[in-house]
Amino acid sequence: MLGILTKSLRTGTLTEAGPFGGQASFGFPVMDFTRCVACDACTRACPTGAIRAEAVTPVLAHVLTHVSLSYAACIQCRACVTACPEQAISVSPDIEVAAYSRDQLARTASFDVNPVTGRGTYRQVELAPGLSLADAAAQLKARILGRLGRSLHVRQVDAGSCNGCELEIAATANPYYDLERFGIHFVASPRHADALLVTGPVTRNMEVALRKTYEATPEPRVVVAVGACGCSGGLFGEGTYAAIGGVDRVLPVDVYIPGCPPRPQAILNGLLVAMGVREARVNR
Amino acid sequence: MTEHAATVAAALHVPAHTVREGCPGELLLEVEARDFPVLADHVSHDLQGRLLSLFASDDRAHTGQFRLHQVWSLPQLHTFLLLTAPVDPAAPAVPSIAATHPAANWFEREVMDLYGVIPEGHPNPTRVALHDDWPDNAWALRKDFPGEQPVPRATGDHHPFRPVTGEGVFQVPVGPVHAGIIEPGHFRFGVAGEPILYLQLRLFYVHKGIEKRFERLPWRHGVYLAESISGDTAVGHALAYAHAIERLGHIEVPPRAQAIRVVLLELERIYNHTSDIGAIATDVAFTVAASRAQALRERLVRTHDLVFGTRLLRGTISVGGVRRDLLPSGRELLQTRLRAFETEFEDLFGLLVDAGTFTDRVDGPGTLTRQAAQDLGIVGIAARASGIDADLRRDHPHDAFAGLQFTVPVEDGGDVRARLMIRAREIEQSLAILNQVLRVLPDTPWAATLPDALPARASALGWVEAWRGPCTHWVATDDHGALTRVKVTDPSSLNWPALVHVMPGNIIPDFPVINKSFNLSYSGNDR
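Chains as they are written, first to last, in the working numbering: chain A, 320 to 603; chain B, 31 to 557.
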């Protein structure tokens, strides 16, 4: 007993005063569209289809092509960074990425592609459909304000994950991050919860359980999708015989936390976004 | 090796020329399915073989037949034996070996569920992989099954739970959504008061169709999918997949890459074992130790991040080597951090084993006897905690393990304490291994040059002793050298039956800690 006390006193406080603002050696890829020539090196290298290119309007002299990069499906494998012959893809050290919709996690640019050389010339970044981050933040706040602002009880639901996200979610409770100091608690039942923290590409076999868990959660409730799979189906795809895909295929999702898996800071950040305490950011 | 082929042929009473050499360390034998029961008996009794996987493949496009495969480890010969037999699609059935080799139990039922090949004489031929709302006569892994579209839900009760009756006897259903941050599965306890009479499992809630998914991926991308079979075994599965592809494609992995792979695999073992030891403390409410273990584990994953740019060691393995070199600065950092870890871990472990309140809870519960572990074909840490001396790193050395000094810890108790001790002793060995490897890394490239394409119509086995136990991947290519079948076996698939076996007689309040002491992967099992 004495030993335990001495050791604890000697250890002191491990909890980091400011868990945010840290930088990782690899957050998400950032595309400099002005250097991109709309070749297919990155789309072929990407294992999840997070980077896509599609011809929109084939015209006689040129082809208008859209190139888009979505963090919703990105597993942070860095394959695109090494594959790009134009060095147009770099690395963002920012890890606290969250959004209120899938669209907000994507960025699309249009290119005029010369049909003879296959080389594209950058035209412009396309406007993302749907609400802006600020408008979506205001909307979420308006819905939960006064009810969930100061504490959040969270029921975690693994709806098909590989358990990587669970490892990092569990890490948010360790002495370094200590999520309870933000008023966030993991609870044992959806009936005690304000928020569902859902991982996985929702599987066919978890769909019913996920819906029932949602129905058992009292209003107002928020749903937070975690990880590349939770945001988009990730590597497992959407609409296969076994995987339905992103959580938003089954439930209305309020906050998306991309990453494979997202780091503990990113998960904490996303939960604070769901509480309306922080606003979601997507730096790129 | 030819000597081994002769030994195997003699033990199985088959002509010597029929036992063929496959990739190094792999013997292949074509048999008739009707001979499986006799052969399985010979392999296990006369060659001390251990069944590591059993699966089917759909070869109808070429031979008009399905094929059934068995993968046996022959530790004494340091070789694997793959038995394979054709199965007629007109009457898809094979004699079951599950009654005498329980390790085959779930595998055979999975083959039935996903290929429609019936295990004749199986003691419990009910669905295992498919849930009740899966329609009849739809076999997801057959080649003509359209895997990229949803399947309508059916109604039915194909797997009723066994009733448990009697005065004061009732059932406690738990899951699939559990109280903690863990994976989904359904447990149904039949109890009389607190003591458990019977435990039934229903898994495959997180079945993601991984094996079918592999068949659509370019083989270079397969390694990403392998990392997501079980998130806590990213290195283990990525490595098993890479091994299979490298053996199939005759890709020589440079010695430096082999050494770095050992580093990654042992780091994965250390962080998972540390985290499990903390979780066992959590489940007996010893919070001081639990939170120290969590802090220790966090420092480990942060070290991974500093050295490899990834906390959970994802994105480190590539086919042909590793994704990034281990620089001298990283090596020194690892050595310093691991030295600090060693002291802190000894401290933590002392805290646990010196506390009577802790040892009272871990001594005895969840005892898996050596005989039961042997009969059920249990593998990995769970087997070694029950007196079974098996470890692929020593018995079938992969990567740089052949040249390293280490021992394989074995405990006799078979209870929660034994599984805890195994983890602690393995951490000790891992540190010793890392010490040797990090001293000097071979001065060679860290990745091989890859061929443009893999050989057509070839197959190979890849294996790794990951932290939980053996991970095996069997990979086959089609006419164009593309992936046509990837069979993934996580040690969890072999070990879940152990949990069912040990529960009767224990009490429900001990279930969390017993379950944690096995710490099986749902995702690895369900895929």
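By construction, the Cβ of each residue, glycine as well, lies at the ideal position given by its N, Cα and C atoms.
Give me the subset of the segment 196 to 223 of chain B whose CB atoms are less than 8 Å from a CB atom of chain A, sorted by chain position.
P206, V207, A209, G210, I211, I212, E213, P214
On a CA-only basis, which of B:G350, B:A415, B:L468 is nearest B:V293? Give me that one, please.
B:L468
With H, G and I counted as helix, E and B as strand and the rest as coil, what does DSSP make of B:K517?
strand
Straight-line CA distance for B:Q95 to B:D88?
7 Å
Rounded Cβ spacing between A:A492 and A:L498 (contact assumed at less than 8 Å):
6 Å
By the three-class DSSP mapping on this structure, what secondary structure does B:P500 have?
strand
Any 3 or more C-beta pairs closer than 8 Å across the segment 432 to 448 of chain B and the segment 462 to 482 of chain B
yes
Under 8 Å between beta-carbons, which chain B residues line up against A:A507? List them in chain order, please.
A209, G210
Of the residues B:F175, B:F371, B:A168, B:V158, the one placed nearest B:F191, counting alpha carbons only
B:V158
Under 9 Å (Cβ pairs) to chain B, residues found in the segment 453 to 478 of chain A
R474, Q475, V476, D477, A478
Determine whether the Cβ of B:K238 lies closer than 7 Å to any Cβ atom of chain A.
yes
Nearest-angstrom beta carbon gap, A:A407 and A:R354 [assumed within contact, 8 Å]:
4 Å
With 16 other Cβ atoms within 10 Å as the buried cut-off, status of B:T346
buried
Mind checking whether B:A268 and B:A256 have CB atoms under 7 Å apart?
yes
Name, please, each residue of chain A whose Cβ falls closer than 8 Å to the Cβ of B:S321.
N493, P494
Per-residue burial, B:A272 [other beta carbons within 10 Å of its own, 16 or more giving buried]
buried
B:T304 in three-state terms, based on DSSP:
helix
With a threshold of 6 Å (Cβ to nearest heavy atom), would B:R243 be considered close to the ligand PLP?
For the structure depicted, the ligand PLP is absent and the ligand set is empty, with no information on it obtainable.
Give me the Cα-Cα distance between A:P412 and A:G346, rounded to the nearest whole angstrom.
5 Å
Does DSSP classify B:Q201 as helix, strand or coil?
strand
Would you list, in sequence order, the uninterrupted alpha helix (DSSP H) runs of no fewer than 4 residues that lie entirely inside the segment 405 to 435 of chain A?
none
Segment contact, 8 Å Cβ cut-off, at least three pairs: the segment 425 to 436 of chain A with the segment 386 to 396 of chain A
yes
If you measure from the beta carbon of B:P180 to each beta carbon in chain A, is any gap under 7 Å?
yes
At the 7 Å Cβ level, is B:V318 part of the contact set with chain A, yes or no?
yes
Can you look up B:A184 in the DSSP assignment and give me helix, strand or coil?
coil
Segment contact, 8 Å Cβ cut-off, at least three pairs: the segment 520 to 535 of chain B with the segment 498 to 512 of chain B:
yes
Given 8 Å as the limit, is there contact between the segment 148 to 166 of chain B and the segment 115 to 129 of chain B, that is, 3 or more CB pairs closer than that?
yes
Is it right to say B:A120 is buried, meaning 16 or more other beta carbons lie within 10 angstroms of its own, or is it exposed?
exposed
I want to verify the contact list: residues of chain B whose CB lies under 8 Å from the CB of A:A528, in sequence order.
P206, V207, P214, Y235
Spatial neighbours of B:V530 in its chain, beta-carbon cut-off 8 Å, leaving aside the 5 residues before and after:
L229, Q230, L231
Name the chain B residues whose beta carbon is nearer than 8 Å to that of A:A562?
K238, G239
Quick one: any contact between the segment 520 to 537 of chain A and the segment 471 to 486 of chain A, if contact means 3 or more CB pairs under 8 Å?
yes
Taking all protein chains shown into account, decide if B:A222 is buried (16 or more other Cβ within 10 angstroms of its Cβ) or exposed.
exposed
Within the same chain, show all residues whose beta-carbon is closer than 7 Å to that of A:L459, passing over the 5 residues directly before and after it, in chain order.
Y419, D573, G595
Identity of the residue in B:V253, B:A478, B:L406, B:E441 nearest B:P284 by Cα:
B:A478
B:A120 (DSSP reduced to helix, strand or coil)
coil
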